[in-house]
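Numbering (my numbering), first residue to last: 26 to 63.
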């Protein structure tokens, strides 16, 4: 996980927001899959 944070930090200001958005997107896709039985 540390390397992921490092990569996001390297993108500059606003990295926390971008990381949060990416995580929320991943969670929403995962939730849809688990509800569909996949």
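Beta carbons are placed, not taken as given, at the ideal position from N, Cα and C, and that holds for glycine.
Between which two residues does the alpha helix (DSSP H) carrying residue i extend?
{"i": "residue 30", "result": "27 to 34"}
Thinking residue i and residue j are a contact (beta carbons under 8 Å), I'd like their distance in whole angstroms, please.
{"i": "residue 36", "j": "residue 43", "result": "7 Å"}
Spatial neighbours of residue i within its chain, please: CB distance less than 7 Å, with the 5 preceding and 5 following residues excluded, ordered by chain position.
{"i": "residue 33", "result": "40, 43, 44"}
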